[in-house]
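For the sequence shown, position 83 matches number 70 in the numbering used here, and the numbering has no gaps at all. A virtual CB, placed ideally from N, CA and C, is assigned to each residue, including glycine. Predicted, not measured: the structure shown is a model, and the values here were computed from it. This report concerns only the one structure given below.
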Amino acid sequence: MIASPGPGKVSTEISANEIPSVLIHEIIDGKPLYRKGYREVLAKTKKIEDIMGSSSLQFFIIDYILGILYSEINRTKYLIATNEAGMHLDRRNNLAGDILIFDKNVLTIDKINKHYSNVPPKISIEIDLDIELEEFTEMGYITIKTKKLLEFGAEKVIWFLTESKKVMIATVEGEWETFDWNRDVEILDGIVCHVGEYLANEGSQFA
């Protein structure tokens, strides 16, 4: 769960100055992390819009979780953000979230503006990785992003990983857990989802 050997080296000969900022997905400790597929864009075998969105499996899972949240969450108490919602942790760290749940007492209306949120979400939910793994291993990236979110003030970070069909849950005080996604996962306030069961019921080959 650490960065890959030689973390100060990016395994590319392309200068960062040659890469459009739109291809940067996140910045961690001052280092840009590029969108999955950015090399193909630079090689002109793909267009930028070809790599900007989620896979159909990712948005299928996101739609399922959002459906549960919108129907059950207390909307007077919480705000739900999606669509790669941006978070500005500090001058060296900008992160994106698949689904973020904010406490409206923390993300007050005066903090809603045209910039990334600079207050932490209560809950962060991630479905897979959307970066090229050049700086980190998969678990190294998951670990450092999760730590950054918890240090920023998030109470819980939940990862759904479609390749391994696993869920990872991290909290500030508790042990980090990783388990098969064929079980209930509590998001908050007794609201649960069950991704494995949902995919199976829908007839998905990825259940």
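Inset, instruction - Could you tell me which residues DSSP pairs with Ala72 in its beta bridges? - result: The secondary-structure analysis by DSSP pairs Ala72 across a beta bridge with Gly84.
Inset, instruction - Drop a sphere of 10 angstroms on the beta-carbon of Ile96, count the other beta-carbons inside from all chains shown, and report buried for 16 or more, exposed for fewer. - result: exposed
Inset, instruction - Counting only the same chain and skipping the five closest in sequence on each side, list residues whose C-beta sits under 7 Å from that of Asp115. - result: Gln45, Leu148, Thr149
Legend entry - alpha helix (DSSP H) segment containing Phe139, residue limits: 125 to 139
Inset, instruction - Classify Asn35 as buried or exposed, calling it buried when 16 or more other Cβ atoms lie within 10 Å of its own Cβ. - result: Sequence inspection shows Ile at residue 35; the Asn mentioned does not correspond to that position. Exposed: under 16 other Cβ atoms inside 10 Å.
Inset, instruction - Confirm, please, whether the CB-CB distance from Ser111 to Leu136 is below 8 Å. - result: yes
Inset, instruction - Could you work out which residue in Ala187, Gly190, Val179 is closest to Ser58 when comparing CA atoms only? - result: Nearest neighbour of Ser58 by Cα position, chosen from Ala187, Gly190, Val179, turns out to be Val179.
Inset, instruction - Identify whether Phe8 lies in helix, strand or coil by the three-state DSSP scheme. - result: Note that residue 8 is Ser in the sequence shown, not Phe. Ser8: helix per DSSP, three-state reduction.
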